[in-house]
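Here is the structure we will look at.
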Amino acid sequence: MKKILRILGILLLIIVLVAASVIGYLTVTEYRPADSEPADRSAAVTTGERLQEGQTIRFLTWNIGYAGLDKDADFFMDGGKSVQSADKDRVLSNLEAITSDIENRQPAILFLQEIDRDGRRTYEIDELDAISRALGMDYTFAYNYKCDFVPYPLPPLGKMASGIATLSAFAMEDNAVRQALPVPYSWPVRIANLKRCLLITRFPIEGSDKELVTVNLHLEAYDDGEGRIRQTQMLMDILEEEYAKGNYVIAAGDFNQLFPKSLNEYPIGSFAEWIPGQLSEDSLPEGFRFEYNNAVPTCRLLNQPYDPTSPLTQYYVIDGYIVSDNLRVESVKTLDLDFTNADHNPVELTAILETEQEDS
Numbered sequence: 593m594k595k596i597l598r599i600l601g602i603l604l605l606i607i608v609l610v611a612a613s614v615i616g617y618l619t620v621t622e623y624r625p626a627d628s629e630p631a632d633r634s635a636a637v638t639t640g641e642r643l644q645e646g647q648t649i650r651f652l653t654w655n656i657g658y659a660g661l662d663k664d665a666d667f668f669m670d671g672g673k674s675v676q677s678a679d680k681d682r683v684l685s686n687l688e689a690i691t692s693d694i695e696n697r698q699p700a701i702l703f704l705q706e707i708d709r710d711g712r713r714t715y716e717i718d719e720l721d722a723i724s725r726a727l728g729m730d731y732t733f734a735y736n737y738k739c740d741f742v743p744y745p746l747p748p749l750g751k752m753a754s755g756i757a758t759l760s761a762f763a764m765e766d767n768a769v770r771q772a773l774p775v776p777y778s779w780p781v782r783i784a785n786l787k788r789c790l791l792i793t794r795f796p797i798e799g800s801d802k803e804l805v806t807v808n809l810h811l812e813a814y815d816d817g818e819g820r821i822r823q824t825q826m827l828m829d830i831l832e833e834e835y836a837k838g839n840y841v842i843a844a845g846d847f848n849q850l851f852p853k854s855l856n857e858y859p860i861g862s863f864a865e866w867i868p869g870q871l872s873e874d875s876l877p878e879g880f881r882f883e884y885n886n887a888v889p890t891c892r893l894l895n896q897p898y899d900p901t902s903p904l905t906q907y908y909v910i911d912g913y914i915v916s917d918n919l920r921v922e923s924v925k926t927l928d929l930d931f932t933n934a935d936h937n938p939v940e941l942t943a944i945l946e947t948e949q950e951d952s
């Protein structure tokens with residue numbers, strides 16, 4: 593008995609030492625971005641054609657699920673079983689199809705979320721480089737998940753290097769900013785978790801002092817809700833500040849919150865382990881409005897592989913836009929891609945940069 597207890601004691605000590613070593617290493621190497629810092633960008637962001645007042649612009653926002661969350665995927669955080677959802681061939685196949693779908697829509701400005709650059713779950717593929725090269729677009733980019741080793745669950749997620757990107761063939765200013773959002777987690781959970789941010793990119797307008805200011809976002813998903821609330825408030829404050837300067841302003845991305853009235857179309861089932869927050873018209877600054885479309889869901893729950901006939905299939909409308917009133921929206925629609933290559937559908941918006949005469 594003493595021998596057994598000794599062996600168990602040694603094993604317990606080894607486990608404690610290994611856990612302490614991992615936590616210590618992750619604490620030392622924790623990704624600690626500044627509150628506001630320059631975003632990454634490709635070399636030629638300033639060299640394209642400039643936008644014009646009165647011009648019609650097609651925007652597209654899409655959480656591509658790192659090209660690993662296709663119709664056959666489930667995910668442990670949503671009540672599914674999988675940690676590594678796709679092998680390398682599936683990631684490459686999904687990435688190729690996603691790129692083709694974007695190319696077919698020919699957006700002037702593209703907002704992507706959950707795009708990996710050098711992570712274990714996507715086999716160290718630089719997805720941003722692949723997409724930008726294929727589309728012939730320059731980009732700005734900001735990490736929101738960067739960790740040498742995520743130790744949970746089992747098997748562990750491993751290395752993470754993922755973020756949000758704004759792409760365009762039009763000229764961008766070279767001063768794109770990664771604006772940190774409040775982190776709702778404390779140590780030690782924080783050290784291997786997401787560090788959410790806003791990616792603020794500016795587009796000069798020919799013959800005008802105004803800029804088109806775009807804000808790419810992917811807000812908190814799995815906190816108790818307080819993080820999303822604080823992050824949303826920071827977003828609204830930034831939008832209000834840019835609008836007060838006279839700029840055209842548009843925010844796009846995955847809000848991880850239900851757009852108004854979407855719950856009527858897609859009620860939350862009692863089986864759903866993930867329930868998003870709720871966006872409110874009252875939270876918008878003066879001069880702004882939500883732009884979204886409830887006709888097609890933008891996201892599905894990853895509790896199981898996609899099956900539109902299953903009563904356990906849960907849909908959401910959590911992707912869309914916030915637009916200033918000097919942008920005249922012509923249309924907004926969710927593209928129904930049947931969740932074939934990603935767990936989100938892209939949302940397309942077409943708008944016109946109104947001239948000063950139209951503004952008055």
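So the sequence shown is numbered by our numbering: it starts at 593 and just counts up by one. Backbone N, C-alpha and C fix where the C-beta goes; we use that ideal spot for every residue, glycine too.
**OP:** For the alpha helix (DSSP H) holding Ile656, just list the boundary residues, first then last.
**Re:** Here Ile656 belongs to no alpha helix (DSSP H), and DSSP marks it neither H nor E.
**OP:** Between the Cα of Thr710 and those of Leu603, Tyr737 and Asn933, spot the shortest distance and give me the residue it belongs to.
**Re:** It is worth fixing the name first, because residue 710 is Asp in this sequence and not Thr. Here the closest residue by C-alpha is Tyr737.
**OP:** Can you give me the start and stop residues for the alpha helix (DSSP H) that Gly616 sits inside?
**Re:** Lys594 to Val620
Original post:
DSSP on Asp899, reduced to helix/strand/coil?
Top reply: coil
Original post:
Around the C-beta of Val939, are 16 or more other C-beta atoms found within 10 angstroms, so that it is buried, or is it exposed?
Top reply: buried
Subject >> Collapsed DSSP secondary structure at Thr648 in the structure displayed >> reply: strand
**OP:** Mark Glu812 as exposed unless 16 or more other C-beta atoms lie within 10 angstroms of its C-beta, in which case mark it buried.
**Re:** buried
Original post:
For Asp708, which residues from the same chain have a beta carbon less than 6 Å from its beta carbon, with the 5 sequence-adjacent residues on both sides left out?
Top reply: Tyr658, Thr714, Glu719 and Ser754
Original post:
Does DSSP put Ile723 in a helix, in a strand, or in coil?
Top reply: helix
**OP:** Could you tell me the boundaries of the alpha helix (DSSP H) in which Leu687 lies?
**Re:** Lys680 to Arg697
**OP:** For Gly601, count neighbouring Cβ atoms within 10 angstroms of its own Cβ and tell me buried if that reaches 16, exposed if not.
**Re:** exposed
**OP:** Write down every uninterrupted run of the beta strand (DSSP E) in the segment 722-758 whose length is 3 residues or greater and which is fully enclosed by it, in chain order.
**Re:** 730-742
Original post:
How should Ser872 be labelled, buried or exposed, when 16 other C-beta atoms within 10 angstroms of its C-beta is the threshold for buried?
Top reply: exposed
Original post:
Between which two residues does the beta strand (DSSP E) harbouring Glu803 extend?
Top reply: Glu803 to His810
Original post:
So is Gly660 buried or exposed if we call it buried at 16+ other beta carbons inside 10 Å?
Top reply: buried
Original post:
Taking the alpha-carbon positions, what's the Glu798 to Val637 distance?
Top reply: 16 Å
Original post:
Three-state secondary structure (DSSP) at Glu765?
Top reply: coil
Original post:
Helix, strand or coil: how does DSSP classify Asp917 here?
Top reply: coil
Subject >> Under 9 Å between C-beta atoms of Ala700 and Ser613 >> reply: no
Original post:
Can you tell me where the beta strand (DSSP E) with Ser628 in it begins and where it stops?
Top reply: Ser628 to Pro630
Original post:
Which stretch, first to last residue, makes up the beta strand (DSSP E) that contains Thr793?
Top reply: Cys789 to Pro796
**OP:** Express the C-alpha separation of Arg697 and Gly728 in angstroms, rounding to a whole number.
**Re:** 14 Å
**OP:** Classify Asn856 as buried or exposed, calling it buried when 16 or more other Cβ atoms lie within 10 Å of its own Cβ.
**Re:** exposed
**OP:** Can you say whether Gly819 is buried or exposed, counting buried as having 16 or more other CB atoms within 10 angstroms of its CB?
**Re:** buried
Original post:
If we count the other Cβ atoms within 10 Å of its Cβ and call it buried at 16 or more, is Leu804 buried or exposed?
Top reply: buried
**OP:** Could you give the DSSP three-state label for Gln770: helix, strand or coil?
**Re:** The question names Gln, but residue 770 in the sequence shown is Arg. Residue state, collapsed to three classes: strand.
Original post:
If you drop the 5 nearest sequence neighbours on each side, which residues of the same chain put their C-beta closer than 6 Å to that of Glu629?
Top reply: Arg770
Original post:
Which one or two residues does DSSP pair with Ala843 in a beta bridge?
Top reply: Val807 and Ile914
Subject >> Glu873 - containing alpha helix (DSSP H), residue span >> reply: Where Glu873 is concerned, there is no enclosing alpha helix (DSSP H), given that its DSSP letter is neither H nor E.
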